[in-house]
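Be aware that the sequence shown starts at 782, since it is given in our numbering, and climbs by one per residue. C-beta atoms are modelled at their ideal positions from N, C-alpha and C, and glycine is treated no differently. Have a look at the structure below, then the notes.
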Amino acid sequence: MQKNITYYRTIQNALGAKTKADWQRNNTTRELERDFERPLDVETFEVWELGALTGKEIRLEVTKQKYSAANGYIITVTSLLDSPVVIGDVVYRTDTGEYYICTVSYKESRMFYKCELTRCNYTMRWQDNNANVFEYPVFDINSTQYNSGESGDKTIIFGSSQHLITVTADKNTIALDHGKRLFWDRNKTAPTVFRITQNDTTASYYDKGLLKITIAEDQYDPDTDSIEEWLCNYFRTQTVTILYSGQPVIRVGGTKTLRVDTDKTVEWAVEGEIPAEITPEGNSAKIKCPPEREYIDKKIAVRATVGNNSGICELTVTGGI
């Protein structure tokens, strides 16, 4: 009996474990952490978010690889509890130069995460209404069924092929609306244009989430579509010039008037950490600097937006008289 009491007390004292199962789980977790320091099947991936690599590295153990015509290349990986990979995460496999999107993720016995990463096979490129250009790695399959791939009349024939795209869900992809047109082709000379017919934002809403976007073949418009920029409905932006008298400075506690030479509506905004007041007056605005001297030598950034174009003026705060 004394032996059993000592045994269970030892279990309780091991990393706060209260049961034998907790002790075994903690012990297995420690062994996994040690294994992740060994280079055999553990690879380094880089996290990708909101259109760019983040520089944040994550170690994943690759346990299985498979391929199917329907689901593409999939690798099964294990991630530690303190660095989970969840559904919707995108990672870059540094040794092969490939992007993967997490399509399956679950916690195994409260010790680690078991995940399936699908290899991306295309890059979706588009421009939003504010002229921002995005490039996202996606997984693409051809979902055309039971037709010849063409429809129309004797005058003009349109392709009727469609694709199903799997992409991470974030503020940029969720905003993609019906009718958005995209180049979708490896032919860079006479590429095919597709348009979004459905953006399903809810069916795969687990963790970060996935979007299932359906695109259908559309007609190329040489007046609005730029093959060179690889953007449909492409529009160039112009920088809005903000005018002022004298130098781009403002006294602490003082005011400065800025203006834009236009008869269109101007939207004014102060950006940055200094809580300056702004009073819009049509195509001009009065900026008032706070009286605190701690802001001297710092900058007040003022943005003026006209339609899809904008410009920034930086005012350096100087001391008063």
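Same chain, Cβ closer than 6 Å to residue 829, five either side skipped, listed in chain order: 871, 873.
What residue from 1011, 860, 945, 822 has the CA that sits closest to residue 1103's CA? Any answer about residue 1103 is impossible in this case: the structure gives the chain only from 782 up to 1102.
Identified DSSP bridge partners for residue 959: The bridge partners DSSP lists for residue 959 come to none.
Would you tell me roughly how many angstroms separate the C-alpha atoms of residue 984 and residue 1065, rounded to the nearest one? A direct Cα-to-Cα measurement between residue 984 and residue 1065 gives close to 47 Å.
Spatially closest choice to residue 943 from 955, 923, 956, by CA coordinates: When each option's Cα is compared against that of residue 943, the closest is 923.
Are residue 974 and residue 962 close, meaning C-beta to C-beta below 9 Å? Annotated as proximal: residue 974 and residue 962, with beta-carbon spacing under 9 Å.
Are the CB atoms of residue 856 and residue 843 nearer to each other than 9 Å? At the C-beta level, residue 856 and residue 843 come within 9 Å of one another.
What residue does the beta strand (DSSP E) around residue 1065 start on, and which one ends it? First-last of the beta strand (DSSP E) with residue 1065: 1065-1069.
Just to confirm, is the Cβ distance from residue 1041 to residue 1082 under 9 Å? Not closer than 9 Å, so no.
Taking all protein chains shown into account, decide if residue 859 is buried (16 or more other Cβ within 10 angstroms of its Cβ) or exposed. That one is buried.
With the cut-off set at 9 Å, would you say residue 1055 and residue 1071 are in Cβ contact? Residue 1071 sits close to residue 1055, with the two beta carbons spaced by under 9 Å.
Do the CB positions of residue 1077 and residue 1046 come within less than 9 Å of each other? In this structure, residue 1077 sits away from residue 1046, with a CB-CB distance that is not shorter than 9 Å.
What separation, rounded to the nearest whole angstrom, lies between the Cα atoms of residue 966 and residue 972? Linking residue 966 to residue 972 through their CA atoms gives a straight-line distance of about 5 Å.
Relative to the C-alpha of residue 1095, which candidate in 1089, 1087, 1080, 1088 has its C-alpha closest? When each option's Cα is compared against that of residue 1095, the closest is 1080.
Once DSSP output is grouped into helix, strand and coil, what is the label at residue 952? If DSSP states are grouped into helix, strand and coil, residue 952 belongs with the helices.
From residue 1068 to residue 878, what does the alpha carbon distance come to, in whole angstroms? Cα atoms of residue 1068 and residue 878: separation of roughly 48 Å, rounded to the nearest angstrom.
Given a threshold of 16 other Cβ atoms within 10 Å of its Cβ, counted over all protein chains shown, does residue 911 qualify as buried or as exposed? Residue 911 comes out exposed.
Please determine, among 902, 909, 840, the residue with the shortest C-alpha to C-alpha distance to residue 960. Comparing Cα positions, the closest option is 909.
Kindly indicate which three-state DSSP category residue 1017 falls into: helix, strand or coil? Note: residue 1017 maps to coil in three-state DSSP.
Give every residue of the same chain whose Cβ lies closer than 7 Å to the Cβ of residue 902, excluding the five residues on either side of it in the sequence, and list them in chain order. Counting only residues of its own chain and dropping the five nearest sequence neighbours on each side, residue 902 has a CB closer than 7 Å to the CB of 853, 920, 921.
Cβ of residue 845 less than 9 Å from any chain B Cβ? The structure shown contains no chain B; it is built from a single protein chain.
Would you mind reading off the limits of the beta strand (DSSP E) that contains residue 976? Residue 976: member of the beta strand (DSSP E) spanning 974-985, first to last residue.
Given a threshold of 16 other Cβ atoms within 10 Å of its Cβ, counted over all protein chains shown, does residue 1089 qualify as buried or as exposed? Of the residues assessed, residue 1089 falls on the exposed side of the cut-off, its CB having fewer than 16 other CB atoms within 10 angstroms.
Output yes or no for whether 9 Å exceeds the beta carbon distance between residue 1092 and residue 1020. In this structure, residue 1092 sits near residue 1020, with a CB-CB distance shorter than 9 Å.
Could you check if residue 917 is buried or exposed, using at least 16 other CB atoms within 10 Å of its CB as the buried criterion? The C-beta of residue 917 has 16 or more other C-beta atoms within 10 Å across all chains shown, which makes the residue buried.
Note down, in chain order, each residue of its chain lying with its Cβ closer than 8 Å to the Cβ of residue 839, except the 5 sequence neighbours on either side. If we look at residue 839 and ignore the five residues flanking it on each side, its Cβ neighbours are 825, 826, 827, 828, 860, 864, 866, 872.
For residue 1025, which residues of its own chain have a beta-carbon under 6 Å away from its beta-carbon, when the five flanking residues on both sides are left out? Closer than 6 Å at the Cβ level, and outside the excluded window around residue 1025, lie 1039.
Closest residue to residue 1018 among 880, 1087, 905 (Cα-Cα distance): 1087 is the residue among 880, 1087, 905 whose C-alpha sits nearest the C-alpha of residue 1018.
Is it the case that the Cβ atoms of residue 953 and residue 834 are separated by a distance below 9 Å? Not in contact: residue 953 and residue 834 (Cβ atoms no closer than 9 Å).
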